[in-house]
Structure formats: C-alpha cells, structure tokens
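The opening position of the sequence shown corresponds to residue 59 in my numbering, with each subsequent residue numbered one higher. All residues carry an ideal CB built from backbone N, CA and C; glycine is no exception. Note sheet for the following structure.
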Amino acid sequence: MALTATAALSSHSASAYQHYTNPILKQDGTQSLREVKQAAQLEIRNLLKTHNVTDPAEYKGYYYFYLREARKASNEHGVKAVIDELASTLQQRNNQ
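Okay, here's the thing in structure tokens:
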C-alpha cells in the first residue's frame, strides 16, 4: 500500500514538473498569461524610465498601481490595455 502511494505521488510530481517547465511561448507563438503578467513588470519600468519619472514617490505610485492592475487582468488583452493606459497617462503628464 505504501509503495503504491509513493509511486502515485512520484508520478504526479513528475507530471506537475513537466507542466511548470513548459517554454514561455505556446505552439501558436503566443505567450501564456502568467508570462505576459511577468513581462508587464519590465514594460512598466521601461515606460517610467523612458518618460523620466524620477521622483521616488511618483515612481512608486505609478509602478505599484499599474503592476497591480496588470496582475488583476484576466487575459493578455487586459494586460496590454493596462500598459497602453500607463503609456497614455505618462504622455499626457509630459505634455503638461
């Protein structure tokens, strides 16, 4: 009985390991939602740097707000919409 349970656990762990080691891109060339959300962090940082947001309080405000919004998104389009919203907000900030 213990041997059966051990075999079942080890085979389940092996299949879970394969799931987590999948490459970033799916076969159709798109990213998984988890990877898109992780990439949003870098995109947000790049936008803030590009638009010269240097005040630490302002930087943190934009960064954490938009990062939370990106993580709450339910699909890739939602994450892209958050990034686009940040870009337009920063563009308006620079125009003023």
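What would DSSP say about residue i, mapped onto helix, strand or coil?
i: residue 108; result: helix
i: residue 153; result: helix
i: residue 132; result: coil
i: residue 95; result: helix
i: residue 90; result: coil
i: residue 142; result: helix
i: residue 70; result: In this prediction, residue 70 has a pLDDT of 49, which is less than 50 and means its spatial position is unreliable; nothing more can be read from the coordinates.
Give me the residue from the options with the minimum Cα distance to residue i.
i: residue 119; options: 101, 106, 154 and 98; result: 106
i: residue 98; options: 154, 149, 144 and 150; result: 144
Would you please state the rounded distance, in angstroms, between the beta carbons of residue i and residue j? I believe it to be under 8 Å.
i: residue 127; j: residue 111; result: Their Cβ separation, rounded to whole angstroms, is 17 Å, which puts residue 127 and residue 111 out of contact at 8 Å.
i: residue 117; j: residue 102; result: Not confirmed; about 10 Å, so no contact.
i: residue 134; j: residue 91; result: 6 Å
Residues in its own chain within less than 8 Å of residue i by CB, not counting five upstream and five downstream?
i: residue 95; result: 128, 129, 131 and 137
i: residue 149; result: 109
For residue i, which residues in the same chain have their Cβ closer than 7 Å to its Cβ, ignoring the five residues on either side in sequence?
i: residue 152; result: 109
What does a CB cutoff of less than 6 Å around residue i pick up in its chain, not counting 5 residues either side in sequence?
i: residue 115; result: none
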